[in-house]
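See below for the structure under consideration.
4 protein chains.
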Amino acid sequence: MNTFYETTTRVRYAETDRMGVVYYANFLIWFEIGRVETFRQMGFSYKEMEEADDSYVVVAEASCRYRQPALYDDVILIRTRVTESRSRTLRFGYEIRRQETGELLATGETLHVICDSSNRPKTLPEKYRRFFPLTTAESAKASP
Amino acid sequence: MNTFYETTTRVRYAETDRMGVVYYANFLIWFEIGRVETFRQMGFSYKEMEEADDSYVVVAEASCRYRQPALYDDVILIRTRVTESRSRTLRFGYEIRRQETGELLATGETLHVICDSSNRPKTLPEKYRRFFPLTTAESAKASP
Amino acid sequence: MNTFYETTTRVRYAETDRMGVVYYANFLIWFEIGRVETFRQMGFSYKEMEEADDSYVVVAEASCRYRQPALYDDVILIRTRVTESRSRTLRFGYEIRRQETGELLATGETLHVICDSSNRPKTLPEKYRRFFPLTTAESAKASP
Amino acid sequence: MNTFYETTTRVRYAETDRMGVVYYANFLIWFEIGRVETFRQMGFSYKEMEEADDSYVVVAEASCRYRQPALYDDVILIRTRVTESRSRTLRFGYEIRRQETGELLATGETLHVICDSSNRPKTLPEKYRRFFPLTTAESAKASP
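Residue numbers (the working numbering), protein chains in the order written: chain X, 1 to 144; chain D, 145 to 288; chain C, 289 to 432; chain E, 433 to 576.
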């Protein structure tokens, strides 16, 4: 539990701004890449979850703390973990690091509600539950 | 015919890149704003065209010629006109100008195919035809 | 103090995603629009603050709570206020509403550090201080 | 000459729009990825070219022809080649394919002017010339 799943992406010119660093909203796009690749590494495709099981992981809250700027052409290491799993919600934690140096650039968190295509909350389908064992009071305490 | 429809937008920080100018792909987003506001000024809503009439103005070709950089916080004047109108296709021409000086920053063109929600080409519904009179051989010659 | 400054923007096609709603990272771009227009309404240009006074309002933290989806072509009301003002930091609070109905779509907050162009923290230049009176213990308590 | 350089990227949720396909401006971002990875595979870094040699590959023209929609989570194959190389300009051609099926999704072209950081055209520095042998009348004829 609370394992980090890792993936990388390279900073695009389009992601920089005139301050010469990555524009702050793009970190949330990287969080999304982290979630999707976490799902793939766990063993399922988010696309299929939407299309075959009418289950959307809809964002309810997002936050990011920026520590160091991400720079053009940097290889970015996106580290994602599940920090809370309830019947209808999932919470993820993120670390964004510069791959070359390991330097921590940002940390973040998102909270999601499982919804159907009409945006109505629903219980996470059983077939996905094994990837997201319910967070117990104990594990919730342990996770920072 | 060939009237320019005008609208403005202000350059966002997010749209700049580390060269200190607007990133080139964003001009295509401005073209889209130009098309949608052209439709609104003509008298209909593109959103309704999609939702009520299952007609999508799907892009088939886009081009842009960049002349001067667009800068952060500039008010951008987007000038759009219909340059060709056929039973299943529409062509638009664009001028992007710095509002304050009138300076021409870019020109562009897009070609679109009318499609249904399954991406199948269809004839433009009759109710929209009056906004897009068919281009005749003569008018086609006249339009640069 | 704690006045809301208001501006609007219309949802672009580019801002929607395949769920049919505005992609979550774009709310942070709207926050940025809110900040910049707040500065303009207060009486100064953020662009000049960067270029003439070497003072960048660098983001340190951002958070957003999503309540209702923003939809294509909606006119979005962005309400921004300064919630904390210290010698080197500024905090902003945001409300994102659907203009037509007044419906609250999201709330958010960002914390910023004033930096020079080398990304070194600095005190907010005196000429801008009058727009950002220092938050006292009292006003901090009053601001939610 | 005219070799294709290849790289891949996976379609992000952020890149889709409410039509359920990739928004058209994003193809120009993929072209940029294609250029930068072409440079890396040739043996130099575009970032260094900007920072160490004050040479920016500034876009003057871009065009794209869209054939099939790119879909969420698709692995996209970006194929890039140099189609023209002159003392101060470079032209690139692109193919965008769905990696899994090989299907051609789009073709495109960009023309660039080598500029210094003040946006003044300049001759491509000698150290980069070997990567971009001057296009002769013959090779220009051969390249479609």
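Note that beta-carbon positions come from the ideal geometry of N, C-alpha and C, so glycine has one too.
Contact with chain X by Gly252/D, beta-carbon distance below 8 Å
no
Would you mind giving the Cβ-Cβ distance between Phe31/X and Gly108/X, rounded to the nearest angstrom? I have them listed as a contact below 8 Å.
6 Å
Should the region 3-17 of chain X be regarded as contacting the region 293-309 of chain C, the criterion being three or more beta carbon pairs within less than 8 Å?
no
In the structure shown, what three-state DSSP assignment does Gly178/D receive?
helix
My understanding is that Ile508/E touches Gly466/E, with C-beta atoms under 8 Å, so please give their C-beta distance in whole angstroms.
Contact flag wrong, Cβ pair sits at about 10 Å.
Cutoff 7 Å; reference Pro121/X; Cβ partners in own chain excluding five residues on either side:
In chain order, Arg88, Val113, Ile114, Cys115 place their CB closer than 7 Å to the CB of Pro121/X, counting only its own chain and leaving out the 5 sequence neighbours on each side.
Compare the Cα-Cα distances from Gly237/D to each of Gln185/D, Arg230/D, Ala250/D and report the closest residue.
Ala250/D
Can you confirm whether Arg530/E, when its beta carbon is compared against all beta carbons of chain C, has any partner nearer than 8 Å?
No, no contact with chain C.
For Ser343/C, tell me which candidate among Thr424/C, Pro421/C, Lys415/C, Leu422/C has the shortest Cα-Cα distance.
Lys415/C
Exposed or buried, Ile170/D, counting other C-beta atoms within 10 Å across all chains shown (16 or more means buried)?
The sequence shown places Asn at residue 170/D, not Ile. Asn170/D is classed as buried because its beta carbon has at least 16 other beta carbons within 10 Å across all chains shown.
Cutoff 8 Å: Met337/C Cβ touching any chain X Cβ:
no
Let me know the beta strand (DSSP E) ranges lying completely inside the region 503-527 of chain E, each 3 residues or longer, listed in chain order.
507-517
How would you list, in chain order, the residues of chain C whose beta-carbon sits under 7 Å from the beta-carbon of Ile33/X?
Within chain C, not a single residue places a beta-carbon under 7 Å from that of Ile33/X; the smallest gap is close to 11 Å.
Below 7 Å on C-beta distance, what does Asp506/E contact in chain C?
The premise fails here: Asp506/E is roughly 12 Å from chain C at the closest Cβ pair, so nothing lies under 7 Å.
So with Cβ pairs under 8 Å, would you call Ile317/C a contact of chain X?
yes
Closer than 8 Å, CB to CB, is Val347/C near chain X or not?
For Val347/C, the answer is yes, since a Cβ of chain X falls inside 8 Å of its Cβ.
Report buried or exposed for Glu48/X, applying the criterion of at least 16 other Cβ atoms within 10 angstroms of its Cβ.
exposed
At least one CB of chain C closer than 8 Å to the CB of Ala457/E: is that the case?
By the rule that beta-carbons nearer than 8 Å mark a contact, Ala457/E touches chain C.
Check whether the Cβ atoms of Asp305/C and Pro413/C lie closer than 8 Å to each other.
No. Outside cutoff.
Nearest-angstrom Cα separation, counted from Asn119/X out to Val57/X
One Cα belongs to Val57/X, the other to Asn119/X, and the distance between them is close to 10 Å.
Any C-beta of chain X under 8 Å from that of Tyr437/E:
No, Tyr437/E lies away from the interface with chain X (no Cβ there is under 8 Å from its Cβ).
CB contact flag (Arg386/C, Asp362/C, <8 Å)
yes
Nearest neighbour of Phe564/E, chosen from Glu527/E, Arg499/E, Glu483/E, Thr515/E [CA to CA]:
If we check each option's Cα against that of Phe564/E, Thr515/E comes out closest.
Between the CA atoms of Arg91/X and Thr3/X - distance to the nearest angstrom
13 Å
Chain X partners of Arg444/E, CB-CB under 7 Å?
Ile29, Glu32, Ile33
So, under 8 Å CB-CB, Glu493/E and Tyr210/D are touching, yes? Tell me the CB distance rounded to an integer number of Å.
7 Å
Around the Cβ of Thr368/C, are there at least 16 other Cβ atoms within 10 angstroms (buried) or fewer (exposed)?
Classification for Thr368/C: buried.
Looking at the strands, I want to know which residues DSSP matches up with Leu111/X.
Note: Leu111/X sits in a beta bridge opposite Glu61/X, Arg91/X.
Measure from the alpha carbon of Arg273/D to the alpha carbon of each residue in Leu215/D, Leu248/D, Phe188/D, Ser207/D, then state which is nearest.
Phe188/D
State the beta-bridge partners of Ala106/X as determined by DSSP.
Tyr66/X, Ile96/X
How would you list, in chain order, the residues of chain X whose beta-carbon sits under 9 Å from the beta-carbon of Pro357/C?
Neighbours of Pro357/C on chain X, chain order: Val58, Asn119.
When the cut-off is 8 Å and only beta carbons count, does Ser45/X lie next to chain E?
yes
Please list, in chain order, all residues of the same chain as Leu422/C whose beta carbon is under 8 Å from its beta carbon, the five residues on each side excluded.
Ser373, Arg374, Ser375
In whole angstroms, what separates the C-alpha of Pro357/C from that of Val203/D?
26 Å
Leaving out five residues on either side along the sequence, give the residues of the same chain with a beta carbon under 8 Å from the beta carbon of Tyr23/X.
Glu15, Thr16, Asp17
Under a CB-based cut-off of 8 Å, is Thr16/X close to chain D?
yes
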